[in-house]
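Here the structure is laid out as structure tokens; the discussion comes afterwards.
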Amino acid sequence: MPVKIRLQRHGKKGKPFYWVVAADARAKRDGKFLEKLGIYNPNTNPATIELDVDSSVKWLQNGAQPTDTAKAILSYRGVLLKHHLLGGVRKGALTEEQAEEKFNTWVSEKEQAIADKVGGIDKVKADARAAALKAEKEVNDKRAADAAAAALPEVAEGENAEAEVEAVEAAGEPEQAVETPEAPATEEDKA
Numbered sequence: 001m002p003v004k005i006r007l008q009r010h011g012k013k014g015k016p017f018y019w020v021v022a023a024d025a026r027a028k029r030d031g032k033f034l035e036k037l038g039i040y041n042p043n044t045n046p047a048t049i050e051l052d053v054d055s056s057v058k059w060l061q062n063g064a065q066p067t068d069t070a071k072a073i074l075s076y077r078g079v080l081l082k083h084h085l086l087g088g089v090r091k092g093a094l095t096e097e098q099a100e101e102k103f104n105t106w107v108s109e110k111e112q113a114i115a116d117k118v119g120g121i122d123k124v125k126a127d128a129r130a131a132a133l134k135a136e137k138e139v140n141d142k143r144a145a146d147a148a149a150a151a152l153p154e155v156a157e158g159e160n161a162e163a164e165v166e167a168v169e170a171a172g173e174p175e176q177a178v179e180t181p182e183a184p185a186t187e188e189d190k191a
């Protein structure tokens with residue numbers, strides 16, 4: 001029975017979530033499988049990959065063939081490296097301790113690279129959030145300045161209007177003193 005290591009789709013429409021499984025090559029994509037080896041979630045950034053390395057290596061040693069996508073996932077998590085190192089142990093090129101040391105060194109470097117990527121993504125998000133906040137603050141400050149400028153001329157006009165009223169009253173007092181109320185003209189005065 002030919003065995004393949006492949007992805008089995010789960011999740012809702014537009015949000016795929018995959019199980020990495022060892023399954024008979026003749027089985028349906030989402031059908032029967034022999035063993036669940038891990039999960040792959042491409043919806044997160046970076047993608048979430050959880051694998052049982054030892055089970056995956058066991059299936060590879062027994063002749064299971066990974067699909068292209070599954071091979072990329074296995075390589076990303078170091079399963080293919082461990083399989084390669086264990087092949088060297090079987091041939092006598094390495095001891096088991098040396099193989100474990102090389103694998104653990106590689107895993108720690110890979111985890112550091114992933115952590116740096118996550119940190120970089122978080123930094124980019126924080127920078128974008130700070131830039132958006134700064135732009136929003138500039139817009140609010142401009143809006144407040146425009147509102148203050150719109151309110152300021154009204155006050156200035158009011159002050160000028162008060163000064164003009166005072167000037168008219170001062171100038172108007174002598175005019176009122178000059179004018180005398182006249183009595184209504186009678187017919188005798190006209191004749």
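In terms of the UniProt record's numbering, the sequence shown has 6 at position 6, counting the first letter as 1, and numbering is strictly consecutive.
We put the beta carbon where it would ideally sit given N, CA and C, even for glycine.
Backbone secondary structure at residue i - three-state DSSP
i, result
"R129", "helix"
"A144", "helix"
"R77", "coil"
"T48", "strand"
"L34", "coil"
"R29", "coil"
"N43", "coil"
"F103", "helix"
"V155", "Interpretation of V155 is limited by its pLDDT of 46, a score under 50 that renders its predicted location unreliable; no figure is taken from the coordinates."
Run of the alpha helix (DSSP H) containing residue i, from where it starts to where it stops
i, result
"D24", "It is not in any alpha helix (DSSP H) - D24 instead sits in the beta strand (DSSP E) that spans 15 to 24."
"K58", "53 to 61"
Contact check, residue i vs residue j, beta carbons under 8 Å
i, j, result
"A64", "K102", "no"
"G38", "D54", "no"
"R29", "Q8", "yes"
"E36", "W19", "According to the sequence provided, residue 36 is Lys. The question's Glu does not apply to it. Result yes, Cβ atoms of K36 and W19 sit closer than 8 Å."
"R77", "I114", "no"
"L34", "S56", "no"
"R6", "T67", "yes"
For residue i, the first and last residue of its enclosing beta strand (DSSP E)
i, result
"L7", "3 to 12"
Q: Take every Cβ of the segment 20 to 38, pair it with every Cβ of the segment 84 to 92, and state whether three or more of those distances are shorter than 8 Å.
A: no
Q.
Any contact between the segment 95 to 111 and the segment 38 to 46? By contact I mean 3 or more CB pairs, one from each, below 8 Å.
A. no
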